[in-house]
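Working notes, beginning with the structure itself.
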Amino acid sequence: MALETLILTKNQQTVLDILESSSEPLKAYTILFDIQKKGIKSPLQVYRALDKLIEIGKVHKIESRNSYIACKHEGCTAKTSTSFLICENCDKVKELTGNNLISYFSKQSDKNNFQYRKHSLEIYGLCESCKFKN
Ligand SMILES: [Zn+2]
Ligand SMILES: [Zn+2]
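Read in order, the letters of the sequence shown are residues -14 to 119 in our numbering.
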């Protein structure tokens, strides 16, 4: 990876800090609300920072919730293709890692004469603490 992609601007770092300190995925307007105290006023700046963070794999988007989560995996290769385990009871989100999913889906796509580009997978169920409560 080229070195310049690892150097974040002040805005990007601020957005990343907020996501990293949150235990749950955040919506863009929640990030904006938090960030206004730190001098970033425009939603566009937040979206730009998020786009860049997603591009370099530091942040993932959870499409169905329209929210963002900081990647906790060193050297995550997910970037645009992501897989999440989402608890239906408490909304806790855990990222599934493992690049085998990309090769699995691209093989399945090939079989269907379809060119694979990315996937966004969301698996619903109960997390570790919720599965014993019910
Ligand atoms: Zn990741
Ligand atoms: Zn749960």
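The C-beta atom is built at its ideal place from N, Cα and C for all residues, glycine as well.
This one's a predicted model, so the numbers in the text were calculated from it and none came from an experiment.
Delimiting residues of the alpha helix (DSSP H) encompassing residue i
i, result
"residue 89", "85 to 96"
"residue -1", "-5 to 5"
Cβ-based neighbour list, residue i, same chain, cut-off 8 Å, excluding 5 preceding and 5 following
i, result
"residue 16", "0, 3, 4, 31, 35 and 53"
"residue 108", "68, 69, 70, 71 and 81"
"residue 94", "100 and 101"
Backbone secondary structure at residue i - three-state DSSP
i, result
"residue 20", "helix"
"residue 41", "coil"
"residue 13", "helix"
"residue 81", "coil"
"residue 48", "helix"
"residue 29", "helix"
Cutoff 7 Å; reference residue i; Cβ partners in own chain excluding five residues on either side
i, result
"residue 73", "109, 110 and 111"
"residue 90", "101 and 104"
"residue -4", "25, 30 and 34"
Element boundaries [beta strand (DSSP E), containing residue i]
i, result
"residue 72", "67 to 72"
"residue 106", "105 to 110"
Same chain, Cβ closer than 6 Å to residue i, neighbours up to 5 away in sequence not counted
i, result
"residue 58", "82"
Report yes or no: do the region 46 to 65 and the region 20 to 31 share at least 3 C-beta pairs separated by less than 8 Å?
-> no
Specify which residues have a beta carbon nearer than 5 Å to any heavy atom of ligand 2, listing them in chain order.
-> 72, 74, 75, 77, 112 and 115
Quiz: which residues have CB nearer than 6 Å to ligand 1 non-hydrogen atoms | That query returns the following residues: 45, 56, 58, 61, 63 and 80.
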